[in-house]
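Worksheet for the structure shown next.
Residue numbers (our numbering): 15 to 300.
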């Protein structure tokens, strides 16, 4: 896990647990378990659109005191009873999205600083401890830690960064696209592993060529020929449909049913589904 601790200046009024609870409750997608007012409440945050998530610990966990690993302390700072943990898995934009939780806390409580437990010194001349928040630095640290984890696991499927970013945008903006173009299908964007080389490919289902569809900016479309599903390059399908019209959202292309598309689908030889395996959102990297 990529772990963020929170601190406030020593000597300042301690932030009440109730105030922290209220601040967290205002963050969309965040849910705390346990009883209101309890000394410790675990929680989770998730983004329904992108699939990003993180884990929270609010308060003091009910654990025995560990004299070998005492709580971290830094001169001039006192801890805030909150920890945000981001999984070291999935695309880089999972981290980007999850950092919004930490930034929401620091916006609500401007005196609070977040500290990455693997990056505790601002520069060579500084003492260990919190320093000015730098989102890009935090993302870079997460990526280094994720890379180390992937190296340890070995053979983690990797997606090209451009394809990954395109899928991120599609997931974020698909709801807006549906609202603007409700007459078109907006399929889910998923990830497949090419079993031949373990690369990760973005993909979507193209189930019904008789209906308008917003083709996502993915690598593959899963189409059917003679009732048998298989994969074809999305760019190829889009070209057969005349290129489509930009949807204005999510980098999707609006495609209408056409004789050219039907002819292509009738003649195409899709790659068999056995050439791919489905991946969960945290089973690949970019």
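Virtual Cβ for every residue (Gly too), placed ideally from N, Cα, C.
query                                                                                                                                                      : result
Can you tell me whether residue 153 is helix, strand or coil according to DSSP?                                                                            : helix
Terminal residues of the continuous alpha helix (DSSP H) containing residue 17?                                                                            : Residue 17 -> not in any alpha helix (DSSP H); beta strand (DSSP E) instead, spanning 16-23.
How many Å lie between residue 181 and residue 143 at the Cα?                                                                                              : 37 Å
Are residue 266 and residue 231 closer than 8 Å when you measure CB to CB?                                                                                 : yes
Near residue 111, what residues of its chain come up, given a Cβ to Cβ distance below 8 Å and the 5 sequence neighbours on each side ignored?              : 61, 64 and 66
Does residue 111 come out as helix, strand or coil in the three-state DSSP assignment?                                                                     : helix
Between 163, 87 and 105, which lies nearest to residue 175 when the distance is taken from Cα to Cα?                                                       : 105
Let me know if residue 135 comes out buried or exposed under the rule of 16 or more other beta-carbons within 10 Å of its beta-carbon.                     : exposed
Can you list, in chain order, the residues of its chain whose CB lies under 7 Å from that of residue 202, leaving out five sequence neighbours each side?  : 218
State buried or exposed for residue 209, treating a residue as buried only when at least 16 other CB atoms are found within 10 Å of its CB.                : exposed
In whole angstroms, give me the CA-to-CA distance for residue 92 and residue 177.                                                                          : 43 Å
Measure the Cβ-Cβ separation of residue 194 and residue 200 and say whether it is below 8 Å.                                                               : no
Please confirm whether residue 128 and residue 18 have their CB atoms less than 8 Å apart.                                                                 : yes
Identify the continuous beta strand (DSSP E) that holds residue 363 and give its terminal residues.                                                        : Residue numbering for the chain in the displayed model covers 15 to 300; residue 363 lies beyond these limits and cannot be assessed.
Reducing DSSP to helix, strand and coil, say where residue 173 ends up.                                                                                    : coil
Which one of 285, 187 and 101 has the shortest CA to CA distance from residue 242?                                                                         : 285
Just checking my contact of residue 238 with residue 261 at CB under 8 Å: how many whole Å lie between their CB atoms?                                     : Actually they do not touch by this definition, with Cβ atoms about 23 Å apart.
Rounded to whole angstroms, what's the CA-CA distance from residue 23 to residue 123? Just pull it up for me.                                              : 12 Å
Considering only the beta carbon of each residue, do residue 56 and residue 34 sit closer than 8 Å?                                                        : no
Within its chain, find whatever has a CB closer than 7 Å to the CB of residue 100; leave out the 5 residues flanking it on each side and keep chain order. : 15, 16, 68, 109, 112 and 156
Can you give me the C-alpha to C-alpha distance between residue 118 and residue 72, rounded to a whole angstrom?                                           : 15 Å
Return yes when the Cβ of residue 300 is within less than 8 Å of the Cβ of residue 172, no when it is not.                                                 : yes
Going by beta-carbon coordinates alone, are residue 226 and residue 257 separated by less than 8 Å?                                                        : no
In the structure shown, what three-state DSSP assignment does residue 178 receive?                                                                         : helix
Is residue 253 helix, strand or coil by DSSP?                                                                                                              : helix
Please identify the residue among 216, 223, 298 and 130 whose C-alpha is closest to the C-alpha of residue 149.                                            : 130
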